[in-house]
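Participant:
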Amino acid sequence: MTARQDTLWKQLLEPIFGVFLDGEEIKRLQNSIDWEGECDRLGTPDFVYPEYYRSQNFHGVEGGYLTESAATTYDPITKYVLPPNETWIREEAIAAIGGQPRRILDMGCGTGSMTLMLKQTFPDAEVTGLDLSPYMLAIADHKAHKAGLHLEWKHGKAEETHFSEQSFDLITVALLFHETPATITQAILQECFRLLTEGGQIVIVDGNQKTLRKTEWLNNIFEEPYIQDYAANSIEVALGSSGFADIRTQEVWWIHQVTRGMKPMLIREGVINLKLDRQEGGLQPAF
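In numbering that gives the first Met the number 0, the protein residues as written are 0 to 286.
Structure follows, in structure tokens:
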């Protein structure tokens with residue numbers, strides 16, 4: 000697996016970002032983590048990575064997210080490539096959350112930036128971050144300890160988490176779906192629906208699909224193997240076909256979007272029973 004040399008990232012942006020990145024700080028971070036030990040602790044033994052993940056490069060990084068360098072450079076680079084401010088974008092997603100969730104799953108948590116913000120916003124909640132890369136989880140755990148926050152981390156596939164049904168009342172998905180094939184995106188949303196309690200909510204922050212459709216040149220800047228499919232599809236439609244209701248999307252700074260959906264409350268037999276009024280020829284609720 001080799002990184003393409005013809006991407007704008009490799010030709011132009013990688014050298015530019017290299018000027019802004021603190022190489023010594025990145026090196027200190029790399030050297031401060033026992034990567035083998037942490038990956039063994041946080042990872043799943045004999046885990047089989049899905050083909051869509053292990054066979055692709057992301058952001059021009061050879062080996063994708065399954066490397067130390069990808070994990071240690073993700074945060075410094077993301078700070079510059081999420082205009083106008085990475086934290087503001089994540090805050091917009093958190094602002095869309097209703098109520099006080101008690102059990103939260105951050106799906107595809109990466110280095111845990113969103114996961115930490117969720118715990119800081121809802122300190123009494125149980126917050127879990129799930130990701131496919133044990134290297135990213137190692138950075139996430141490092142950040143959590145540094146911030147004095149207790150979080151749970153799980154290594155695994157977002158489309159097949161092995162959590163029990165209705166385990167969470169909030170699931171967040173930050174900057175994940177532009178990096179998954181459309182079929183996997185749908186499978187992840189179906190898994191989210193299974194994991195949520197009735198009335199639970201999902202909040203998604205990612206690239207603005209309407210903008211990406213109109214600016215194909217943006218899609219070619221970074222090596223993102225699935226972003227064209229993401230731009231062509233609709234998260235709202237995918238949520239609806241997975242069973243979610245009350246779906247709403249808001250644009251954030253033109254190039255981002257936050258989409259929220261809810262798992263409907265089921266009407267159980269014995270709570271409301273519809274009977275046929277034969278005289279009137281219609282349905283009447285009987286309580």
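Cβ atoms here follow ideal geometry from the backbone N, Cα and C, with glycine treated the same way.
(1) Could you tell me which uninterrupted alpha helix (DSSP H) segments, each at least 4 residues in length, are contained entirely in the segment 166 to 237, listed from first to last along the chain?
(2) Within the present structure, is the beta-carbon of Q185 separated from the nearest heavy atom of the ligand ATP by less than 7 Å?
(3) For a test of the three-state rule: what should DSSP assign to D123, helix, strand or coil?
(4) Check each candidate in C38, T258, A237, I254 and name the one with the smallest Cα separation from L81.
(5) On the premise that A173 lies in contact with R102, defined as a C-beta separation below 8 Å, what is that separation, rounded to the nearest angstrom?
(6) Checking 8 Å against the spacing of the C-beta atoms, do Q249 and D205 come in under that value?
(7) Can you find the residues in the same chain that come closer than 6 Å, C-beta to C-beta, to Y52, ignoring five residues on each side of it along the sequence?
(8) Please identify the residue among T43, V202, E164 whose C-alpha is closest to the C-alpha of F176.
(9) Quick one: using the 10 Å Cβ neighbour count with 16 as the cut-off for buried, is Q185 buried or exposed?
(10) Terminal residues of the continuous beta strand (DSSP E) containing L104?
(11) For M116, which residues from the same chain have a beta carbon less than 7 Å from its beta carbon, with the 5 sequence-adjacent residues on both sides left out?
(12) Which residues bound the beta strand (DSSP E) around M261?
(13) Looking at the secondary structure, which residues open and close the alpha helix (DSSP H) in which E35 lies?
(14) Does DSSP classify I96 as helix, strand or coil?
(15) Check for me: the beta strand (DSSP E) holding V251 runs from which residue to which?
(16) Tell me the start and end of each unbroken alpha helix (DSSP H) in the segment 42 to 76 that is at least 4 residues and wholly inside, in chain order.
(17) Just to check my reading of the structure: A137 and W34 have Cβ atoms closer than 8 Å, yes? What is that Cβ distance to the nearest angstrom?
(18) Might you give, ordered along the chain, the residues of its own chain that have their beta carbon closer than 6 Å to the beta carbon of P224, omitting 5 neighbours on each side?
(19) Give the straight-line distance between the Cα atoms of E37 and H141, rounded to the nearest whole angstrom.
(20) Tell me whether L131 sits in a helix, a strand or coil according to DSSP, three-state version.
(21) Tell me the DSSP secondary structure of H154 in three-state form.
(22) Roughly how many whole angstroms lie between the Cα atoms of G111 and L265?
(23) With the cut-off set at 8 Å, would you say A70 and Y134 are in Cβ contact?
(24) Would L238 pass as a contact of I246 if the rule is Cβ separation under 8 Å?
(25) Helix, strand or coil for E164? Go by DSSP, reduced to three states.
(26) Just tell me which of T214, K153, T182, E235 has its CA closest to the CA of R40.
Facilitator: This is what the structure holds:
(1) 181 to 194, 208 to 213, 215 to 218, 226 to 231
(2) Absent from the structure shown: the ligand ATP. Ligands present: none.
(3) coil
(4) I254
(5) Not really, about 18 Å apart at Cβ, beyond 8 Å.
(6) no
(7) L131
(8) V202
(9) buried
(10) 102 to 106
(11) R89, I93
(12) 255 to 261
(13) 34 to 41
(14) coil
(15) 244 to 251
(16) 50 to 53
(17) 7 Å
(18) Q55
(19) 10 Å
(20) coil
(21) strand
(22) 33 Å
(23) yes
(24) yes
(25) coil
(26) K153
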